[in-house]
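Under the UniProt record's numbering, the first residue of the sequence shown carries the number 1, and numbering increases by one thereafter.
We put the CB at the ideal spot given by N, CA and C, even for glycine.
This one's a predicted model, so the numbers in the text were calculated from it and none came from an experiment.
Take a look at the structure below.
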Amino acid sequence: MFTINPNASYFYNPTALSWNKSTDCSSWDGVHCEEITGQVVELDLCCNGLEGKFHSNSSLFQLSNLERLIPAEISHLSKLYSLRIRTVYPYGLTLEPYNFELLLKNLTQLSDLDFDSVNISSTIPLNFSSYLTSLWLRRTKLHGVLPERVFHLSNLEILHLSDNSLTGPIPSSLSGLQNLYYLYLSSNNLNGTIPSLIFSLPSLFALDLNNNSFSGKIQELNNSLVQFLILSQNNLSGQIASTVCNLKTMKLVHLGSNHLNGTIPQCLGEMSALQVLGLNNNHLSGTINTNFNSENKLIIINLFGNKLKGKVPPSLINCRYLEFLDLGNNELNDTVPSWLGGLPDLQILSLRSNKLHSPISDSRTDNLFARILVIDLSSNGFSGNLPVSLFKNFQDMKIIGENSGTRKYVADAYSDFYTNTLIVTAKGLKLELPRVLTTYMIIDLSRNGFEGHIPNAIGDLVGLCTLDLSHNGLEGFKSNMSPLMQIQAFIFSEVLVTL
1 MFTINPNASY
11 FYNPTALSWN
21 KSTDCSSWDG
31 VHCEEITGQV
41 VELDLCCNGL
51 EGKFHSNSSL
61 FQLSNLERLI
71 PAEISHLSKL
81 YSLRIRTVYP
91 YGLTLEPYNF
101 ELLLKNLTQL
111 SDLDFDSVNI
121 SSTIPLNFSS
131 YLTSLWLRRT
141 KLHGVLPERV
151 FHLSNLEILH
161 LSDNSLTGPI
171 PSSLSGLQNL
181 YYLYLSSNNL
191 NGTIPSLIFS
201 LPSLFALDLN
211 NNSFSGKIQE
221 LNNSLVQFLI
231 LSQNNLSGQI
241 ASTVCNLKTM
251 KLVHLGSNHL
261 NGTIPQCLGE
271 MSALQVLGLN
281 NNHLSGTINT
291 NFNSENKLII
301 INLFGNKLKG
311 KVPPSLINCR
321 YLEFLDLGNN
331 ELNDTVPSWL
341 GGLPDLQILS
351 LRSNKLHSPI
361 SDSRTDNLFA
371 RILVIDLSSN
381 GFSGNLPVSL
391 FKNFQDMKII
401 GENSGTRKYV
411 ADAYSDFYTN
421 TLIVTAKGLK
431 LELPRVLTTY
441 MIIDLSRNGF
451 EGHIPNAIGD
461 LVGLCTLDLS
471 HNGLEGFKSN
481 MSPLMQIQAF
491 IFSEVLVTL
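Next comes the structure, spelled out in structure tokens:
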């Protein structure tokens with residue numbers, strides 16, 4: 001019927017190889033039988049490395065009481081209520097549009113349908129089971145207008161149609177989804193305004209409309225249950241209404257890469273559950289007058305690419321869990337506050353392209369910026385000598401190879417919802433990092449007015465990948481450069497030196 005290929009998946013776990021004809025199949029891994037009748041009702045074949053086809057005369061199709069099948073390509077198991085077919089690689093499996101519609105037509109009891117990354121290449125059919133509570137068709141090459149029929153499935157709790165080519169507005173029939181918990185429509189070609197009724201759905205927990213063409217203003221936010229709000233990479237305009245702070249349980253707000261203007265609501269810093277605040281690449285102006293109180297749990301603050309002025313807000317000292325702070329490409333006029341170095345978990349600090357100034361004084365306090373991995377102060381107005389104590393305190397940069405073999409990322413707790421993009425310059429190239437590896441360590445102090453010698457303490461930073469000191473008035477090292485041989489790219493004047 002099928003063969004098992006151990007190279008078919010990274011998640012190879014051949015439970016089927018342990019099946020023994022001499023034992024009761026109810027004891028087999030991946031097989032679940034009804035307790036009274038002993039009939040097979042669930043079959044889980046995921047991660048078995050299956051290849052080939054399920055033939056139409058297979059004994060598998062004689063399991064007429066089967067209720068759960070993972071995976072399957074059949075349409076006459078009328079009692080099936082859960083069907084999940086996923087591929088490790090995008091579009092590794094193709095389901096012809098006709099077979100997709102036939103399957104939906106006959107499986108009228110389905111409550112759970114999941115075809116993640118299966119190539120369907122179809123418009124959205126209209127004959128879904130009315131019992132559906134979960135419809136997961138992410139990355140299936142769906143196209144055409146988003147039909148109202150989908151939003152008439154009143155039992156839906158999860159609707160995931162992201163990473164397709166769907167067009168049109170969100171239908172008003174959305175208001176009928178009173179049980180909807182997750183709504184994922186990101187990375188399509190949807191347009192129009194975001195209907196206000198979407199924020200009145202009583203059960204909505206997560207809303208992801210990232211990377212579409214929605215326009216207009218963000219409507220009043222009244223739903224107290226929403227915890228994840230992702231409206232980034234659209235054409236939204238207007239000001240951020242202070243009603244966003246009515247969402248007391250909100251953990252993540254990402255409104256980046258829109259055309260939002262006005263000031264940042266002061267109350268955002270008072271949302272005690274908020275952990276991710278992404279307002280980057282907008283037209284926000286004024287000072288950062290947000291009052292970050294001592295109860296905040298913020299891990300990520302990204303305000304890159306706005307028109308913010310004034311000082312770095314002193315209340316940031318209350319962000320004890322902060323790992324990622326990007327205030328780059330604004331118009332801040334301040335010195336580098338020494339208290340920033342006292343944030344115990346801060347790993348990424350970008351203040352590039354502002355109007356920051358004055359010498360960075362040497363501090364006698366130990367362990368300032370101890371966990372820093374990326375510090376970017378480029379394109380400002382700093383002057384004076386490079387602070388020796390600053391480099392001596394970069395404790396995590398003095399370690400190399402600790403994470404070898406394991407890919408770990410900075411501030412990665414909500415990577416399914418949010419990508420904490422960082423703009424850096426490395427090896428003379430401007431890069432946009434969608435995620436930052438914990439082994440990727442950068443110091444960029446270029447395009448300032450620093451002078452004097454380069455501290456030899458930099459040589460102790462054995463984990464450092466890129467050091468950019470170009471476009472300053474520096475005179476070089478007091479001794480030879482041998483301590484820097486491990487740095488992949490060292491930029492001293494205007495010339496990149498790859499070591």
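C-alpha distance - residue i paired with residue j, whole-angstrom precision
{"i": "Asn234", "j": "Asn258", "result": "5 Å"}
{"i": "Ser186", "j": "Ile458", "result": "43 Å"}
{"i": "Leu63", "j": "Lys79", "result": "The pLDDT assigned to Leu63 is 49, lower than 50, so where the model puts this residue is not dependable, and the model offers no usable value."}
{"i": "Val253", "j": "Leu137", "result": "24 Å"}
{"i": "Ser363", "j": "Pro455", "result": "15 Å"}
{"i": "Pro434", "j": "Tyr418", "result": "10 Å"}
{"i": "Tyr81", "j": "Gln109", "result": "5 Å"}
{"i": "Asp29", "j": "Pro344", "result": "46 Å"}
{"i": "Val226", "j": "Pro97", "result": "35 Å"}
{"i": "Leu346", "j": "Gly328", "result": "16 Å"}
{"i": "Ile170", "j": "Asn420", "result": "27 Å"}
{"i": "Ile230", "j": "Gly473", "result": "44 Å"}
{"i": "Ser361", "j": "Val336", "result": "9 Å"}
{"i": "Phe115", "j": "Thr87", "result": "8 Å"}
{"i": "Asn188", "j": "Asp208", "result": "11 Å"}
{"i": "Ile300", "j": "Gln275", "result": "6 Å"}
{"i": "Ala413", "j": "Ala273", "result": "14 Å"}
{"i": "Ser294", "j": "Asn261", "result": "27 Å"}
{"i": "Asp396", "j": "Asn281", "result": "30 Å"}
{"i": "Met250", "j": "Leu268", "result": "10 Å"}
{"i": "Leu467", "j": "Leu190", "result": "42 Å"}
{"i": "Leu221", "j": "Ser121", "result": "35 Å"}
{"i": "Asn106", "j": "Leu161", "result": "22 Å"}
{"i": "Ser117", "j": "Thr140", "result": "5 Å"}
N-terminal and C-terminal residue of the alpha helix (DSSP H) that residue i is part of
{"i": "Val388", "result": "Val388 to Lys392"}
{"i": "Lys105", "result": "Pro97 to Asn106"}
For residue i, the first and last residue of its enclosing beta strand (DSSP E)
{"i": "Asn329", "result": "Neither: Asn329 is in no beta strand (DSSP E) and is coded neither H nor E."}
{"i": "Asn302", "result": "Ile300 to Asn302"}
{"i": "Phe199", "result": "From DSSP, Phe199 is part of no beta strand (DSSP E); its letter is neither H nor E."}
{"i": "Gly463", "result": "Looking at the DSSP string, Gly463 is not in any beta strand (DSSP E), and its letter there is neither H nor E."}
{"i": "Thr193", "result": "Asn189 to Thr193"}
{"i": "Pro348", "result": "Pro is not the amino acid found at residue 348; the sequence shown has Ile there. Ile348 to Ser350 is the span of the beta strand (DSSP E), which, as asked, contains Ile348."}
{"i": "Gly473", "result": "Gly473 to Phe477"}
{"i": "Leu153", "result": "Run containing Leu153: none; DSSP gives neither H nor E here."}
{"i": "Ser285", "result": "His283 to Thr287"}
{"i": "Gly449", "result": "Gly449 to Ile454"}
{"i": "Thr425", "result": "Leu422 to Ala426"}
Within 7 Å, strictly: CB atoms of residue i and residue j
{"i": "Gly168", "j": "Leu146", "result": "yes"}
{"i": "Ser306", "j": "Gly278", "result": "For the record, residue 306 in the displayed sequence is Asn; it is not Ser. Contact: no."}
{"i": "Lys355", "j": "Glu323", "result": "no"}
{"i": "Leu83", "j": "Leu113", "result": "yes"}
{"i": "Ser378", "j": "Arg352", "result": "yes"}
{"i": "Ile240", "j": "Pro265", "result": "yes"}
{"i": "Leu325", "j": "Leu349", "result": "yes"}
{"i": "Asp460", "j": "Lys398", "result": "yes"}
{"i": "Gln149", "j": "Leu183", "result": "Just to set this straight, residue 149 is Arg in the shown sequence, not Gln. Cβ distance not < 7 Å, so Arg149 and Leu183 don't count as in contact."}
{"i": "Arg232", "j": "Asn210", "result": "This sequence places Ser at residue 232; Arg is not what is there. Cβ distance < 7 Å, so Ser232 and Asn210 count as in contact."}
{"i": "Leu469", "j": "Leu431", "result": "no"}
{"i": "Ser173", "j": "Phe151", "result": "yes"}
{"i": "Gly341", "j": "Phe304", "result": "no"}
{"i": "Leu166", "j": "Leu204", "result": "no"}
{"i": "Ser196", "j": "Ile158", "result": "no"}
Reduced DSSP category for residue i - H, G, I as helix; E, B as strand; rest coil
{"i": "Ile360", "result": "coil"}
{"i": "Thr167", "result": "strand"}
{"i": "Gly176", "result": "helix"}
{"i": "Asn296", "result": "coil"}
{"i": "Ser237", "result": "strand"}
{"i": "Cys33", "result": "strand"}
{"i": "Glu432", "result": "strand"}
{"i": "Glu136", "result": "According to the sequence shown, residue 136 is Trp rather than Glu. Residue state, collapsed to three classes: strand."}
{"i": "Leu80", "result": "coil"}
{"i": "Leu316", "result": "helix"}
{"i": "Phe205", "result": "coil"}
{"i": "Ser229", "result": "Contrary to the premise, residue 229 reads as Leu rather than Ser in this sequence. Looking at Leu229 - three-state DSSP - the assignment turns out to be strand."}
{"i": "Thr438", "result": "coil"}
{"i": "Ala411", "result": "coil"}
{"i": "residue 500", "result": "Shown here, the chain extends from 1 to 499; a query on residue 500 therefore has no answer."}
{"i": "Ile375", "result": "strand"}
Proximity test, residue i beta-carbon vs the ligand SAH heavy atom, cut-off 6 Å
{"i": "Thr167", "result": "This structure simply doesn't include the ligand SAH, nor any ligand for that matter."}
Chain B contact for residue i (CB, 7 Å cutoff)
{"i": "Ser470", "result": "Although the question refers to chain B, the structure presented lacks it and comprises just one protein chain."}
Counting pairs of beta carbons, one from the region 382 to 399 and one from the region 307 to 323, are three or more of them closer than 8 Å? no
At least 3 beta-carbon pairs within less than 8 Å: the region 447 to 455 vs the region 422 to 434: no
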